[in-house]
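Visitor: Structure below; questions to follow.
What follows is the structure, given as structure tokens:
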């Protein structure tokens, strides 16, 4: 078991966004979160990552989790290479970013304010492959990606499945059916 | 591109060297962002220049009142400058949405506090020296005892920045943080500002070091207390 949620509920003010949800994630498993806007997919991912505290219930993690927000978050005055180098250092990893930059077709020396949304999404995927957490939490990873980017996403997910567990929130049912072992359908609470 | 602390023992990884390396890297990264962005740095420089100039015009041109007011004006400028800077230290992360990445890095959250504090010190100390030189020029503040003056700057700025960084982190994700920060901060750092002003006044008046050292000791005690309490509480307040 990589991740276990037991009776999780989350309230913002008076509104319950997640109510009494239990869930487990095993290594080698890909789970897709489906549901309309406002159904709590992103909140659930943030609860899983430990970025939010549940109002009720417990979250147990048996590994390192990373969260890919939508849109991905980067410092726009750094270049892609600088960003990856700092990320690697903050995560105590002595890898080189060059291979990942090449694989994802990214210019290493361009400041990120010059990157398109699709390029930023590719960089976020490159970052994840370098940091390679045990638990991948992806919020709409397919948005803004072109055909080539989508292929890269599929190969990245296949790679992640071998050693880690993945939870991805998406509106794309085709993607969910193609990559996920099971789906979790959320409704508006 | 080579990171500034590349070559430090990577194998030390998650040990003490690893933590120090991350603290230094975070501070240098923020420094790089601040220099490239320029807006924050220029606004603080403009603030120092305008404030000191207006106060000099208001209190001058006679030397005696200017000289008497110099330590107070200098430390008020530094206090406001430090507040502006501490807001920016976390605003950088909040505006870009990158604070979550730092919080998910392994090995506690204290290193984020120390990294942000070091960033502030690296930026604020040269600015404090610049403000001191401007105060010397506009307010007749004597600079003969430069080392003791610098020591006072370091102790005072450290005490102020240690609390400011903590509160800036605490308020980072709240709306209206720019209003709340000074309100919370100023009540707590009054002893630091008072001790810094008294030590600077003593140096300007030519008092012997033995008399001023009491203020330095007080500053040192406040620095240690604020640093320890902030480092211990920071991980708690950064919980989601």
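Protein chains in written order, with the numbering used here: chain A, 62 to 250; chain B, 964 to 1203. Virtual Cβ for every residue (Gly too), placed ideally from N, Cα, C. As the structure is a computational prediction, the values presented were derived from the model and not from experiment.
1. Please confirm if residue 156/A has its CB atom under 8 Å from at least one CB of chain B.
2. If the criterion is Cβ atoms closer than 8 Å, does the pair residue 88/A and residue 63/A meet it?
3. From the DSSP secondary-structure annotation, give me the bridge partner or partners of residue 71/A.
4. So, with DSSP's three-state summary, where would you put residue 241/A?
5. With a cut-off of 8 Å, does the C-beta of residue 1000/B fall near any C-beta of chain A?
6. Please identify, using Cβ separations under 9 Å, the residues of the region 1038-1052 of chain B that lie next to chain A, in order along the chain.
7. Going by the beta-carbon positions, is the gap between residue 82/A and residue 198/A smaller than 8 Å?
8. List the residues of chain A whose Cβ lies closer than 9 Å to the Cβ of residue 1132/B, in chain order.
9. Residue 1076/B and residue 1193/B look like a contact to me (Cβ under 8 Å); what is the Cβ gap, rounded to whole Å?
10. Compute the distance between the beta-carbons of residue 1189/B and residue 1150/B, then report whether it is under 8 Å.
11. Go to residue 200/A, then tell me how far its beta strand (DSSP E) extends in each direction, as first and last residue.
12. Considering only their Cβ atoms, is the gap separating residue 1198/B from residue 152/A smaller than 8 Å?
13. So, helix, strand or coil for residue 970/B, using DSSP?
14. What residue range does the beta strand (DSSP E) around residue 121/A cover?
15. According to a CB-to-CB cut-off of less than 9 Å, which residues of the region 1061-1072 of chain B neighbour chain A?
16. Do residue 210/A and residue 179/A count as a contact pair if the criterion is CB distance below 8 Å?
17. If you scan the region 1162-1200 of chain B from start to end, which runs of the beta strand (DSSP E) of 3 or more residues do you find wholly inside it?
18. Using 8 Å as the limit for Cβ to Cβ distance, is residue 1194/B near chain A?
19. Whole angstroms is fine: what's the gap from residue 194/A's alpha carbon to residue 1080/B's?
20. Any idea which residues DSSP pairs residue 128/A with across the strands?
21. From the beta carbon of residue 202/A, is the nearest beta carbon of chain B less than 8 Å away?
22. Between residue 66/A and chain B, is the shortest Cβ-Cβ distance under 8 Å, so that the two count as touching?
23. Give me the Cα-Cα distance between residue 1175/B and residue 1165/B, rounded to the nearest whole angstrom.
24. Between which two residues does the alpha helix (DSSP H) carrying residue 230/A extend?
25. Mind checking residue 177/A: buried by the 16 CB within 10 Å criterion, or exposed?
26. Can a CB atom of chain A be found closer than 8 Å to the CB of residue 1005/B?
27. Anyone know if the C-beta pair for residue 1051/B and residue 981/B falls short of 8 Å?
28. Between 1055/B, 1059/B, 1091/B, which lies nearest to residue 135/A when the distance is taken from Cα to Cα?
29. Determine the chain B residues that contact residue 126/A at a beta-carbon separation under 9 Å, and present them in chain order.
30. Can you tell me which of the three DSSP states residue 975/B falls into?
31. Report the partner residues of residue 65/A according to the DSSP bridge assignment.
32. May I ask which residues mark the beginning and end of the beta strand (DSSP E) holding residue 1135/B?
33. Let me make sure I understand the geometry here. Which of 138/A, 137/A, 84/A, 145/A has the alpha-carbon closest to that of residue 190/A?
34. Which partner residues of residue 93/A appear in the DSSP bridge assignment?
35. For the alpha helix (DSSP H) containing residue 1078/B, list its first residue and its last residue.
36. Could you name the residues of chain B that residue 152/A contacts, counting a contact when the two beta carbons are closer than 8 Å?
Guide: Reading it off the structure:
1. Counted from its first residue, the first chain places residue 156/A at position 95. Put simply, the CB of residue 156/A is far from chain B, with every gap to its CB atoms at 8 Å or more.
2. On the first chain, residue 88/A is found 27 positions in, with the first residue counted as 1. On the first chain, residue 63/A is found 2 positions in, with the first residue counted as 1. The answer is yes: Cβ separation under 8 Å.
3. Indexing the first chain from 1 puts residue 71/A at position 10. Residue 71/A is bridged to 79/A.
4. Stepping through the first chain from its first residue, residue 241/A is reached at position 180. Per DSSP, reduced to three states, the secondary structure at residue 241/A is coil, with no helix or strand assignment.
5. Against the second chain, residue 1000/B aligns to sequence position 37. For residue 1000/B, a Cβ of chain A is located within less than 8 Å of the residue's own Cβ.
6. For the region 1038-1052 of chain B, no residue has a beta-carbon sitting nearer than 9 Å to a beta-carbon of chain A.
7. The sequence position of residue 82/A within the first chain is 21, counting from 1. The sequence position of residue 198/A within the first chain is 137, counting from 1. Contact: no.
8. Taking the second chain and counting its residues from 1, the one referred to as residue 1132/B is at position 169. Going along chain A, no residue has its Cβ under 9 Å from residue 1132/B, so there is no contact; the nearest lies around 15 Å.
9. On the second chain, position 113 is the one that residue 1076/B refers to. On the second chain, position 230 is the one that residue 1193/B refers to. Rounded to the nearest angstrom, the Cβ distance from residue 1076/B to residue 1193/B is 6 Å, consistent with a contact under 8 Å.
10. Residue mapping note: residue 1189/B aligns to position 226 of the second chain, counting from 1. Residue mapping note: residue 1150/B aligns to position 187 of the second chain, counting from 1. Their beta carbons are not under 8 Å apart, which means residue 1189/B does not touch residue 1150/B by this criterion.
11. For this step, residue 200/A is matched to residue 139 along the first chain. Here the beta strand (DSSP E) through residue 200/A covers 196-200.
12. Taking the first chain and counting its residues from 1, one reaches residue 152/A at position 91. Taking the second chain and counting its residues from 1, one reaches residue 1198/B at position 235. No, the Cβ-Cβ distance between residue 152/A and residue 1198/B is not below 8 Å.
13. Indexing the second chain from 1 puts residue 970/B at position 7. Because the pLDDT of residue 970/B is 49, which lies under 50, any placement of that residue in the model is unreliable, and the number read from its coordinates should be weighed accordingly. Under the three-state reduction of DSSP output, residue 970/B falls in the coil class, being neither helix nor strand.
14. If you number the first chain from 1, residue 121/A lands on position 60. From DSSP, the beta strand (DSSP E) with residue 121/A extends over 117-122.
15. Of all residues in the region 1061-1072 of chain B, only 1061, 1062, 1063, 1064, 1065, 1066, 1067, 1068, 1069, 1070 place a beta-carbon less than 9 Å from a beta-carbon of chain A.
16. To locate residue 179/A, count along the first chain from 1; it is residue 118. To locate residue 210/A, count along the first chain from 1; it is residue 149. Yes, Cβ-Cβ distance for residue 179/A and residue 210/A is below 8 Å.
17. Listed in chain order, the beta strand (DSSP E) runs fully inside the region 1162-1200 of chain B amount to none, counting runs of at least 3 residues.
18. Your numbering for residue 1194/B matches position 231 in the second chain. Any Cβ of chain A closer than 8 Å to the Cβ of residue 1194/B would place that residue at the interface, and such an atom is absent.
19. Against the first chain, residue 194/A aligns to sequence position 133. Against the second chain, residue 1080/B aligns to sequence position 117. Residue 194/A and residue 1080/B: Cα-Cα distance of roughly 28 Å.
20. As a first step, residue 128/A must be located in the first chain, where it is residue number 67. Looking at the DSSP assignment, residue 128/A forms a beta bridge with 198/A.
21. Within the first chain, residue 202/A is the residue found at index 141, counting from 1. Under the 8 Å criterion on CB atoms, residue 202/A is classed as non-interfacial with respect to chain B.
22. To locate residue 66/A, count along the first chain from 1; it is residue 5. Not closer than 8 Å to any Cβ of chain B, the Cβ of residue 66/A fails to qualify, so no.
23. Here residue 1175/B is taken as the residue at index 212 of the second chain, counted from 1. Here residue 1165/B is taken as the residue at index 202 of the second chain, counted from 1. In this model, residue 1175/B and residue 1165/B are separated by some 6 Å (Cα to Cα).
24. As a position in the first chain, residue 230/A is number 169, starting the count at 1. Careful: residue 230/A lies outside any alpha helix (DSSP H), inside the beta strand (DSSP E) at 226-230.
25. As a first step, residue 177/A must be located in the first chain, where it is residue number 116. Burial call: exposed.
26. Counted from its first residue, the second chain places residue 1005/B at position 42. No - not a single Cβ of chain A is within 8 Å of the one on residue 1005/B.
27. Here residue 1051/B refers to the residue found at position 88 of the second chain. Here residue 981/B refers to the residue found at position 18 of the second chain. Contact flag unset, no.
28. If you number the first chain from 1, residue 135/A lands on position 74. Across the set 1055/B, 1059/B, 1091/B, the C-alpha of 1059/B shows the shortest separation from the C-alpha of residue 135/A.
29. Mapped onto the first chain, residue 126/A falls at position 65. Simply 1067.
30. As a first step, residue 975/B is located in the second chain; it is residue number 12 there, counting from the start. Residue placement at residue 975/B is poorly supported in this model, since its pLDDT is 43, which falls under 50; the coordinates are not used for a value here.
31. Looking up residue 65/A in the first chain gives position 4. Residue 65/A pairs with 85/A, 121/A.
32. Here residue 1135/B refers to the residue found at position 172 of the second chain. Element bounds for residue 1135/B: n/a, residue is neither H nor E.
33. Within the first chain, numbered from 1, the residue matching residue 190/A stands at position 129. Answer by Cα proximity: 145/A.
34. Locating residue 93/A in the first chain gives position 32, counting from the first residue. Looking at the DSSP assignment, residue 93/A forms a beta bridge with 229/A, 244/A.
35. The residue labelled residue 1078/B in the question sits at position 115 within the second chain. Annotation for residue 1078/B: the continuous alpha helix (DSSP H) segment containing it runs 1073-1102.
36. Taking the first chain and counting its residues from 1, the one referred to as residue 152/A is at position 91. The contacting residues are 1068, 1069.
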